[in-house]
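Protein chains in written order, with this note's numbering: chain Z, 2 to 340; chain P, 289 to 621; chain W, 26 to 488.
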């Protein structure tokens, strides 16, 4: 925590979330011949969000492969390649397009090890630019993490910081099973300290981003930052919110969340995916079923995406997913025993 | 060589390999009959899709493969599995849901696989194996292993999007993949005439700039010749091919098929073109073996199947507490 | 060698099938593939074909019987062998006397009794539940705390929304109880000498509890009467609906508010005004009962611009008469038995006060310091059994919409005091109501109150 400034400079620099992901992929391509990147327009174009950037110039088109616009086939090729010895990282241009490839992700990648009695391994990584806020409307703004979180055999991660984006991607690459990584599009430009070199962020481990005693806010992806902003405002009123960055949707970090709720007695789940049957529903149920139940001192609250497709109009779009003031109000009501 | 009019298989394979090919065809036939019998006795649950009548396609297509080469298979995949070298006793154990099975009882008939022999598994999703085979071809090319991937699929799969996406990608990247469509005329109950715009599925190859061949799938030698050429082309880095083996399944689609969409006459006509009898006659005609040797092959195959069923019956049932084993690598132990 | 004909599995999940009809008889010659019999499953009927050509030697299953998958139903003799008189192995399967049918029959008999028993139990359970009083609203944490400490939640007053008991309500209650239990001598002493004893003053602000409203109306501030507390408003709150926010204030020396010494009604009121001034609501409706009615009138007089409407229920301050004996009796009572006779004077009918109500009332008055402080307060406010303060002049000055509700059978403060109310006050006299109409007839009280609120909101808007 209190590392000398000099050492900090040496170990970390400020780079963006997308640069951190690119750095992770570059390290992986350098270190392991088996790593290939696949996706639509990830070569000379640099990726729809410029995440792969110049990697094609460094590693060539054999290793940074532009695929045709064939999500199902492309994902399936990645699955087959992983099954036979490569370590593919497959980028969906938008996570929404993964709907075209559900067959290969859900029926093939996720189940292969199990169906074959442990005799096969599918170490593939699916990268999914997700989330709203870019004015891209209903088919380019969704948050599908709960869909994939519902599938045994997949692991699902949702980094909220540049450091975790790199660490989770490298952890996903090292993992012998398929990992789906949701990258929030609004975070791509966010800068933060990122250590140099190869390191991994453990999959299935949440992070406590802010300590507090009055209310627990479990948030994921961009909602972590909104929750932190809300928590700062609440602190001015003497309400101390604990903010947990979920980081992994599957497996979910039970211990950290349960431990926090035992302390605060109040839980607010904040997530961008549609509220009903979403990640927060799972967390709420998990708490209600756990030993933390007896520590609950207010009804569990959820803030999630509206029961509607993501709209185009910017005001409607904002209203469709939780914003900082929404979190502030909900957490305040919880802390002040108004619910 | 030019005046050698004997069939391709007789010319190119030594008698031991030909005899083994016949043995495998009988093994497939008896294995499936044994599985069917066990199913009807309630010893096997779920369902199964029998390939009886399609044995030449499976065995001849795998003649040019080593254990390094990969295949992807279909829900009608027992024949491919045996052709690629699997042991019937472990297949039976799988069907009986036992730990000794290839998938430790987790996959059953529809996911039968033998990864060590390069069989990446049968697939319950029509068209599911197509992109996976292309991925296997990509691995072979990237890692320069010299291996090829053979992708078996049925006529039904040729109307799936995955078929078109997979063929296109294999072609643009010139991957060592041989796509083998076992056209048995019906996707469940719907005939290719009613479901497919082209007369021959091999015509689809034109759209993906690869060679396409339609072959009599019940003619062992014809299948072997066409597939061997495609494998050679793939290994030479010239890219994929599409081969269509015309064949017929004697049984229904699955065990719950009431056979309402085809006539008894049609079935009888195809049964008269039994690929095993044809191959056996061909081997006898060309002096590879005689009747008594053929009977010996049959007896061996029967014996192996019977022993396999006994092996499976006495297998170990998985522990209920191991239900979630194999979901993730961490849980493999 | 004879070939066995079995009942085949023809469907997923099929364990047995109905052999519907035989197409052949014993002695018939059949070709392989010929139809032998029909089977019916849950989903379909289908023909079963002969597995071999030959003579049907034995049929060992009768049409109409249910047969497990894999069971032999007939034998076909393929060679020239003699057909023996009895089939190899398997016994005949008929309609009435088979093992299968017996098994099923036994199953039904075995299951019949437990099923009836279960139904009976379920009914009893429902009856038992419906005769039980409703469980108090409490959070899991509050329940866990109560469970661990052997506390009956029914005796704890909740401060959360809709009176929900939260963890700190229980711990506070426990703290109060421990004081009481730890010092039985003090309690005894109180009983023997009901005069004020020494107790510590505390200077926390007055206790406020709030319930958010769902609509757009102005908040309602409720001020309870002498020896009552915020919990007494629950029936009226229900009747008022959830349109408006409800704020309940507890008077000094009452409920969770601090025990303080005052020397006059003026000082007592000043404390309430201090809390009133801290409320974030700009304008609100004031509702006061009895002593709280007098306090509400005083507030309306001091802070007229913040009052949207004034509603008084059986208010004090309109005359000297008061049933002081009842007030002292209630303030002094340290057990339910001594509380009940005085409480009965509150209602129009003495049976309006149930033993449970009295018990609950006593539960909230278990703290000796509370009782002592209230007795001392009674001495200041009602010396010699007389109301020492007169609010009639203040009432004359009220500008906001103003209503007074009184029970015709009030035995604590006579309703005739209402006749001294000013011209502008609307008067609602309720029959079948005593001193606590908001508990006896909450709907009847809510009606004029809601009307008063609406008038107040319209006139506030016009201003």
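Beta carbons: idealized from backbone N, C-alpha and C, even for Gly. Computed from a predicted structure; not experimentally measured.
Cutoff 9 Å: residue 161 (chain W) Cβ touching any chain Z Cβ: no
Counted within 10 angstroms of its Cβ, other Cβ atoms place residue 348 (chain W) as buried (16 or more) or exposed: buried
Contacting positions in the segment 541 to 557 of chain P - beta carbon closer than 8 Å to chain W: 543, 544, 546
Going along chain Z in order, which residues have a C-beta closer than 8 Å to the C-beta of residue 306 (chain W)? Correct list: empty, because the minimum Cβ distance to chain Z is about 15 Å.
Distance between residue 96 (chain W) and residue 28 (chain W) (C-alpha atoms, nearest Å): 13 Å
Range of the contiguous beta strand (DSSP E) that encloses residue 451 (chain W): 451 to 455
Is it right to say residue 187 (chain W) is buried, meaning 16 or more other beta carbons lie within 10 angstroms of its own, or is it exposed? exposed
Nearest chain P C-beta to residue 94 (chain W) closer than 9 Å, yes or no? yes
Comparing the C-beta of residue 230 (chain W) with each C-beta of chain Z, is any distance below 9 Å? no
8 Å contact criterion, which residue 175 (chain Z) and residue 195 (chain Z) should meet: CB distance rounded: Contact flag wrong, Cβ pair sits at about 18 Å.
Would you say residue 37 (chain Z) lies against chain W (beta-carbon separation less than 9 Å)? no
Looking only at DSSP bridge pairs, what is residue 194 (chain Z) linked to? Z:15
Would you mind telling me which residues of chain W sit closer than 8 Å to residue 297 (chain Z), beta carbon to beta carbon, in chain order? 164, 165, 166
If you measure from the beta carbon of residue 597 (chain P) to each beta carbon in chain W, is any gap under 9 Å? no
Inter-residue spacing [alpha-carbon to alpha-carbon] between residue 436 (chain W) and residue 406 (chain W): 18 Å
Using a beta-carbon distance cut-off of less than 8 Å, what residues from the segment 590 to 618 of chain P approach chain Z? 612, 613, 614, 615, 616, 617
Chain P contact for residue 35 (chain W) (CB, 9 Å cutoff): yes
State the Cα-Cα distance for the pair residue 293 (chain W) and residue 233 (chain W), rounded to the nearest angstrom. 16 Å
Identified DSSP bridge partners for residue 533 (chain P): P:470, P:503
With 16 as the cutoff for other CB atoms within 10 Å, does residue 483 (chain W) come out buried or exposed? exposed
Report all residues from its chain with a CB closer than 8 Å to the CB of residue 597 (chain P); omit the five preceding and five following residues, and keep chain order. 322, 326, 380
Would you mind stating whether residue 341 (chain P) and residue 523 (chain P) have Cβ atoms separated by less than 9 Å? no
With 16 other CB atoms within 10 Å as the buried threshold, where does residue 174 (chain W) fall? exposed
Starting from residue 553 (chain P), trace the alpha helix (DSSP H) both ways and give me its first and last residue. 552 to 559
How would you list, in chain order, the residues of chain W whose beta-carbon sits under 7 Å from the beta-carbon of residue 266 (chain Z)? 166, 192
Have a look at W:395, W:384, W:105, W:326 and flag the residue whose alpha-carbon is nearest the alpha-carbon of residue 357 (chain W). W:395
From the beta carbon of residue 399 (chain P), is the nearest beta carbon of chain W less than 9 Å away? no
What is the DSSP secondary structure of residue 438 (chain P), counted as helix, strand or coil? strand
Looking only at its chain, what residues have a beta carbon closer than 7 Å to the beta carbon of residue 15 (chain Z), apart from the 5 residues adjacent to it on each side? 192, 193, 194
Would residue 546 (chain P) be called buried (16 or more neighbouring beta carbons within 10 Å of its own) or exposed? exposed
Please state the DSSP three-state secondary structure of residue 538 (chain P). coil
From Z:298, Z:270, Z:94, pick the residue whose C-alpha is nearest to that of residue 286 (chain Z); which is it? Z:270
Check the Cβ-Cβ distances between residue 40 (chain W) and every residue of chain P, and say whether any is below 9 Å. yes
Chain-ordered neighbours of residue 539 (chain P) on chain W, where CB pairs are closer than 7 Å: Here the premise fails: no neighbours, minimum Cβ distance about 12 Å.
Just the chain W side, please: which residues come within less than 8 Å of residue 339 (chain Z) by C-beta, in chain order? 186, 235, 237
Have a look at residue 471 (chain W) and residue 327 (chain W) and give me their C-alpha separation to the nearest angstrom. 26 Å
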